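Only one structure is covered here, and it is reproduced in the block below.
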Amino acid sequence: MPDPSPAALPSPGVAFADRTFDAVLFDMDGTLIDSVPAVERSWRRWAAEHGLPDADEFQVQHGTPARTLIAALLPEDRVEAAYDRIHALELDDNEGVTILPGTRDALAALPPERSAIVTSCTRPLAAARMAASGLVAPSVVVTADDVAHGKPDPDPFLLGARRLGVDPRRCLVVEDAPAGVASGRAAGCAVLVVTGTHSADELASASPAPDALAAGLAAVRFVVGPDGVRVTDA
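So the number in the working numbering is just where the residue sits in the sequence shown, counting from 1, plus 7.
Printed below as a string of structure tokens:
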């Protein structure tokens, strides 16, 4: 089967016209907040310190837990020390971390029992970025510290659904990265992707494919009714 094209990905209002959801599980970085400049500064400094080639142009794979990335780049005996270093660098640099357009409206539209944040950050790093951006999180926040296997495995979104007390098959995942799409799909959730850290072409070509694509949360509306959450185009 050929890879899907951007034209094959409908808007959320089209893809979910006949569906409702019990809860919405949001990724954080690249979905609710823009931390890309800080992330890239930290990883490029880390890459230079660890002798990686072309460190000043190092491209981090957004949406994947740091330890997973490092394990693919360095020998096993260097992973833990290297992980501790990138964690320290990222905790120290949150300059320019901001809330993305549409985030406040999206979270305000959903009651506490119908939303969660599911992030690949550690809990301290998630807290630091929320504080830097001014993001007020819902009561349920799942971090890399809470699961044995992060994205693209299904564990993070399964835990988010479990903490909300809902069936993951009745959840909508909102993501910005292919690893998050794979995680949400593996958990049995519907998946909406937003552009930003990845282009529409990259997201449309993800395998497995998301259900719908939007140009950020400002292009989406969440409406809560007696039968659950409906998702429409803004």
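For every residue, glycine included, the Cβ atom is placed at its ideal position computed from N, Cα and C.
Model, not experiment: these values are computed from the prediction.
Give a single yes or no on whether Ala-216 has its beta carbon closer than 7 Å to a heavy atom of the ligand GTP.
The ligand GTP is absent from the structure shown, which contains no ligand whatsoever.
Here's the rule I'm using: 16 or more other beta-carbon atoms within 10 Å means buried, otherwise exposed. How should Glu-182 be labelled?
buried
Per DSSP, which one or two residues make a beta bridge with Thr-105?
Asp-41
Rounded to a whole number of angstroms, what is the C-alpha to C-alpha distance between Ile-124 and Pro-82?
32 Å
Taking the alpha carbon of Phe-33 as the reference point, which residue from Thr-150, Ala-73, Ala-78, Ser-18 has its own alpha carbon closest?
Thr-150
In whole angstroms, what separates the C-alpha of Arg-85 from that of Asp-36?
26 Å
Can you tell me whether DSSP reads Gly-20 as helix, strand or coil?
helix
Burial state of Asp-63, where buried means 16 or more other Cβ atoms lie within 10 Å:
exposed
Whole-number beta carbon distance between Glu-120 and Ala-166, since they are thought to touch under 8 Å
Before going on, a small fix: residue 166 reads as Leu here, not Ala. No, Leu-166 and Glu-120 are not in contact; Cβ-Cβ is about 16 Å, not under 8 Å.
For Glu-97, is the classification buried or exposed, using 16 other Cβ atoms within 10 angstroms of its Cβ as the cut-off for buried?
buried
One question on the structure: do Phe-164 and Val-147 come within less than 8 Å of each other, judged by their Cβ atoms?
no
Bridge partner(s) assigned by DSSP for Cys-178
Ala-30
Consult DSSP for Leu-81 and reduce its assignment to one of helix, strand or coil.
coil
How many angstroms separate the CA atom of Asp-100 from the CA atom of Pro-233?
43 Å
Assess, as a yes-or-no matter, whether the region 46 to 59 is touched by the region 109 to 116 under the definition of 3 or more beta carbon pairs within less than 8 Å.
no
Less than 8 Å between the CB atoms is what I'm expecting for Arg-237 and Pro-215, so what's the real figure, rounded?
Incorrect: roughly 24 Å between the Cβ atoms, too far for contact.
Straight-line Cα distance separating Val-188 from Leu-16:
13 Å
Asp-99 lies in the beta strand (DSSP E); which residues open and close that run?
That residue, Asp-99, is in no beta strand (DSSP E); its alpha helix (DSSP H) goes 86 to 99.
Ala-184 - DSSP class collapsed to helix/strand/coil
coil
Roughly how many angstroms separate the alpha carbons of Ser-140 and Thr-126, rounded to a whole number?
15 Å
Would a C-beta distance cut-off of 8 Å place Gly-203 and Thr-27 closer than the cut-off?
no
Beta-carbon within less than 6 Å of Pro-185's beta-carbon, same chain only, minus the 5 sequence neighbours each way: which residues are those?
Ala-213
For Asp-162, I'd like the list of residues in its chain whose CB is within less than 6 Å of its CB, leaving aside the five on either flank, ordered along the chain.
Val-154, His-156
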